[in-house]
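Reading through the structure tokens given below for one structure.
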Amino acid sequence: MATGSAPKLEQIGHSGNFKGEVVSMLENNNMFTDFERQELRTLADYCQAYLAPIGTIVFNEGEQSSYLCLLVEGKLSVLKDSDGEKSKKLVDVRPGKTIGEMSVIDGLPYSATVKAAANSRLILITKENFAKITEDHPRLGVKILWKFSQLLSLRLRQTSGKLIDLL
Numbered sequence: 001m002a003t004g005s006a007p008k009l010e011q012i013g014h015s016g017n018f019k020g021e022v023v024s025m026l027e028n029n030n031m032f033t034d035f036e037r038q039e040l041r042t043l044a045d046y047c048q049a050y051l052a053p054i055g056t057i058v059f060n061e062g063e064q065s066s067y068l069c070l071l072v073e074g075k076l077s078v079l080k081d082s083d084g085e086k087s088k089k090l091v092d093v094r095p096g097k098t099i100g101e102m103s104v105i106d107g108l109p110y111s112a113t114v115k116a117a118a119n120s121r122l123i124l125i126t127k128e129n130f131a132k133i134t135e136d137h138p139r140l141g142v143k144i145l146w147k148f149s150q151l152l153s154l155r156l157r158q159t160s161g162k163l164i165d166l167l
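Per full-length UniProt numbering, the sequence shown starts with residue 1, numbered consecutively.
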């Protein structure tokens, strides 16, 4: 069932032959703590798992692609281009965190580059697969979208707090 464009990473699993492991990865993520196991099994049908060796670009700032990543293992660095200077590291992403949600929702280019800072395992959901989830399983789609909304709201509050500190 999983379709859509994904990065140039090594695919390690795809729903059918990897479903149990993907479900376990989802169960161990804070974003999905209040999901039923059957919901996670359904969601796993729309996911793909990848390896990102250290130094691999997961996505580039300005790139027009739409998938979100759930970091299962390893570490990712979020980098922002800075007017001809070396990219500035904004944050390190640890296991259990997600990145790329905004592009799945709004379809706009990525706002930063994400690079594997350690050998990493990722679960990906493409925009196409998210749309398919909402079509095939509307209640699950709404539940996931609600989680995205909570996550983005939290990040906006954190960013606002940092901005206030700078003023």
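Glycine residues also receive a C-beta, built at the ideal position from the N, C-alpha and C atoms.
Query raised in the report: According to the neighbour-count rule (16 or more other Cβ atoms, all chains shown, within 10 Å of its Cβ), is Gly100 buried or exposed?
Result: buried
**Report entry** Within 8 Å, strictly: CB atoms of Val72 and Arg121
**Finding:** yes
Query - First and last residue of the uninterrupted alpha helix (DSSP H) at Lys162 - result: 138-166
**Report entry** Residue from Leu40, Val104, Gly107 whose Cα sits closest to the Cα of Lys19
**Finding:** Leu40
Requested in this report: Could you say if the segment 54-65 and the segment 110-124 meet the contact criterion of at least three C-beta pairs nearer than 8 Å?
Outcome: yes
Requested in this report: Please state whether DSSP places Thr56 in a helix, a strand or coil.
Outcome: coil
**Report entry** As assigned by DSSP and simplified to three states, the class of Gln64
**Finding:** coil
Query raised in the report: Whose CA, out of Thr42, Lys97, Asn119, Leu76, lies closest to the CA of Arg139?
Result: Thr42
Report task. Give the secondary structure of Thr33 by DSSP, where H, G and I count as helix, E and B as strand, and everything else as coil. Result -> coil
Query raised in the report: Exposed or buried, what is Asn28 when buried is set at 16 or more other beta-carbons lying within 10 Å of its beta-carbon?
Result: exposed
**Report entry** Cβ separation of Gly107 and Lys127, assumed to be a contact under 8 Å, to the nearest whole Å
**Finding:** 7 Å
**Report entry** Residue of Ile123, Val104, Gly161 minimising C-alpha distance to Pro95
**Finding:** Ile123
Query - Inter-residue spacing [alpha-carbon to alpha-carbon] between Phe32 and Leu154 - result: 16 Å
**Report entry** DSSP-derived helix/strand/coil call for Asp92
**Finding:** strand
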